[in-house]
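Novice: Oh and the sequence shown: position 190 is 313 in the working numbering, straight run, nothing missing.
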Amino acid sequence: MLLKFVRNFLCSFIVKSGDDCRQEHLAVQLISHFYDIFQEAGLPLWLRPYEVLVTSSYTALIETIPDTASIHSIKSRFPDITSLHDFYVAKYQENSPTFKLAQRNFVESMAGYSLVCYLLQIKDRHNGNLLLDEEGHIIHIDFGFMLSNSPGGVNFESAPFKLTRELLEIMDSDAEGVPSEFFDYFKVLCIQGFLTCRKHAERIILLVEMLQDSGYPCFKGGPRTIQNLRKRFHLSLTEEQCVSLVLSLISSSLDAWRTRQYDYYQRVLNGIL
124 MLLKFVRNFL
134 CSFIVKSGDD
144 CRQEHLAVQL
154 ISHFYDIFQE
164 AGLPLWLRPY
174 EVLVTSSYTA
184 LIETIPDTAS
194 IHSIKSRFPD
204 ITSLHDFYVA
214 KYQENSPTFK
224 LAQRNFVESM
234 AGYSLVCYLL
244 QIKDRHNGNL
254 LLDEEGHIIH
264 IDFGFMLSNS
274 PGGVNFESAP
284 FKLTRELLEI
294 MDSDAEGVPS
304 EFFDYFKVLC
314 IQGFLTCRKH
324 AERIILLVEM
334 LQDSGYPCFK
344 GGPRTIQNLR
354 KRFHLSLTEE
364 QCVSLVLSLI
374 SSSLDAWRTR
384 QYDYYQRVLN
394 GIL
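#1: Report the three-state DSSP secondary structure of residue 178 (helix, strand or coil).
#2: Could you say which of 231, 348, 257 lies nearest to residue 211 if we only look at CA atoms?
#3: Have a look at residue 380 and residue 274 and give me their C-alpha separation to the nearest angstrom.
#4: Taking the straight line between their C-alpha atoms, what separation do you get for residue 305 and residue 295?
#5: From residue 313 to residue 363, what does the alpha carbon distance come to, in whole angstroms?
#6: DSSP state of residue 185, grouped into three classes?
#7: Excluding sequence positions up to five away, which residues of its chain have a Cβ less than 7 Å from the Cβ of residue 384?
#8: Does the stretch 162–175 come close enough to the stretch 351–359 to have 3 or more Cβ pairs within less than 8 Å?
#9: Take the Cβ of residue 100 as the centre, count every other Cβ of all protein chains shown within 10 Å, and call the residue buried at 16 or more, exposed below.
#10: Take the Cβ of residue 247 as the centre, count every other Cβ of all protein chains shown within 10 Å, and call the residue buried at 16 or more, exposed below.
#11: Can we say the stretch 214–230 touches the stretch 263–277, given the rule of at least three CB pairs closer than 8 Å?
#12: Out of 318, 367, 239, state which residue places its alpha-carbon closest to the alpha-carbon of residue 285.
#13: Extract the residue ranges of the alpha helix (DSSP H) inside the stretch 282–350, only unbroken runs of 4 or more that lie entirely within it.
#14: Where does residue 240 fall in DSSP's three states?
#15: If you draw a straight line from the C-alpha of residue 471 to the C-alpha of residue 335, how long is it?
#16: Exposed or buried, what is residue 111 when buried is set at 16 or more other beta-carbons lying within 10 Å of its beta-carbon?
#17: Please state whether the Cβ-Cβ distance between residue 177 and residue 185 is less than 7 Å.
#18: Residue 282: buried (16+ other C-beta within 10 angstroms of its C-beta) or exposed?
#19: Are the beta-carbon atoms belonging to residue 192 and residue 144 less than 7 Å from one another?
#20: Would you mind reading off the limits of the alpha helix (DSSP H) that contains residue 369?
#21: What are the boundary residues of the beta strand (DSSP E) that includes residue 161?
#22: By the DSSP assignment, the alpha helix (DSSP H) with residue 142 in it spans what residues?
#23: Under 8 Å by Cβ, that's how I've got residue 272 and residue 202 pegged, so tell me the actual separation to the nearest angstrom.
#24: Let's see if you can read the secondary structure: which residues bound the beta strand (DSSP E) around residue 92?
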């Protein structure tokens, strides 16, 4: 479906029915605020907000993101490519300026979404919900589980964010987090981004707090939902302590066992590669 939207250009939408998409709308609103925060600070962290127009409690229009494919569909389409790094090599030609730019784009988007996933506790991060665009950015979609609800009511994805071996390999690192130019850049961006987000913590918390009585699934944790959101900003820490905190979040996420097991579960049960 094509519509001319408020930004004065044509874009396509998915017509979705049978699901309450109001929580999805909240999620993309928050991501838009994080996008603005990074832009205002002049940071290169990259996010791709998309439009969600809720038309009723069970119908919505959701903007599609052109020139993207899910990691699952890429693996399905190119079964001979054994890793995402190999896909980047095949697509962008290793050691070329285009390849380096794609790696940089990937890192800048990984840093942005890693922080958002940690702060908002976004779950269900299987490879059907992760897209890659033509420029090499990673994009997260589908925010049915965040803040205090998780798939099956079990917080199995306990790592701060998804940072599996195949994602690390695009940054020229590995499951152990071996240093590299792009992995070091990822760390720097995460630190800068987190310190900047803390300055706007009250703005984000207020936006979430305004909807805590909405009945959205993400508020099933009750008052603890807002309390835990505030805790994740670690407002009592010094900047130096925050640097150590962010590095520990990255370390805890490195090819985390539970993250790998969740991908395995999705592969076995739902065929998501």
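Positions of the beta carbon are idealized from the N, C-alpha and C atoms, including for glycine.
Specialist: According to the structure shown:
#1: Here residue 178 refers to the residue found at position 55 when the sequence shown is read from its first residue. Residue 178 falls in the coil class under three-state DSSP.
#2: Indexing the sequence shown from 1 puts residue 211 at position 88. Among 231, 348, 257, the Cα nearest to that of residue 211 belongs to 257.
#3: For the purposes of this step, residue 380 is taken as residue 257 along the sequence shown, with counting starting at 1. For the purposes of this step, residue 274 is taken as residue 151 along the sequence shown, with counting starting at 1. Roughly 17 Å between the two C-alpha positions.
#4: Counting from 1 along the sequence shown, the entry for residue 305 is found at position 182. Counting from 1 along the sequence shown, the entry for residue 295 is found at position 172. Taking the straight line joining both Cα atoms gives about 7 Å.
#5: What you label residue 313 is simply residue 190 of the sequence shown in a count that begins at 1. What you label residue 363 is simply residue 240 of the sequence shown in a count that begins at 1. Rounded to whole angstroms, residue 313 to residue 363 spans 14 Å at the Cα level.
#6: Indexing the sequence shown from 1 puts residue 185 at position 62. Strand, per DSSP.
#7: Within the sequence shown, numbered from 1, the residue matching residue 384 stands at position 261. So the list is empty, once near-sequence residues are dropped.
#8: no
#9: In the structure as shown, the chain starts at 124 and stops at 396, and residue 100 therefore has no counterpart that could be examined.
#10: On the sequence shown, position 124 is the one that residue 247 refers to. So residue 247 counts as buried.
#11: no
#12: If you number the sequence shown from 1, residue 285 lands on position 162. Here the closest residue by C-alpha is 239.
#13: 288–293, 304–322, 324–332
#14: Your numbering for residue 240 matches position 117 in the sequence shown. DSSP places residue 240 in helix when its eight states are reduced to three.
#15: Any property of residue 471 remains undetermined from this structure, which presents the chain solely from 124 to 396.
#16: For residue 111 there is no data in the structure shown, the boundaries of the chain being 124 and 396.
#17: Residue 177 sits at position 54 when you count from the first residue of the sequence shown. Residue 185 sits at position 62 when you count from the first residue of the sequence shown. No, Cβ-Cβ distance for residue 177 and residue 185 is not below 7 Å.
#18: Counted from its first residue, the sequence shown places residue 282 at position 159. Buried, because 16 or more other Cβ atoms sit within 10 Å of the Cβ of residue 282.
#19: Working through the sequence shown from its first residue, we reach residue 192 at position 69. Working through the sequence shown from its first residue, we reach residue 144 at position 21. No, the pair does not count as a contact, with Cβ atoms beyond the cut-off.
#20: Counting from one through the sequence shown, the residue named residue 369 turns up at place 246. Per DSSP, residue 369 belongs to the alpha helix (DSSP H) from 362–376.
#21: Here residue 161 corresponds to residue number 38 of the sequence shown, with the count starting at 1. Element bounds for residue 161: not the beta strand (DSSP E) but the alpha helix (DSSP H), 145–163.
#22: Indexing the sequence shown from 1 puts residue 142 at position 19. From DSSP, residue 142 is part of no alpha helix (DSSP H); its letter is neither H nor E.
#23: The sequence position of residue 272 within the sequence shown is 149, counting from 1. The sequence position of residue 202 within the sequence shown is 79, counting from 1. Going by Cβ atoms, the distance from residue 272 to residue 202 rounds to 34 Å, so no, they are not a contact pair.
#24: Because residue 92 is not part of the residues shown, which for the chain are 124 to 396, the question remains open.
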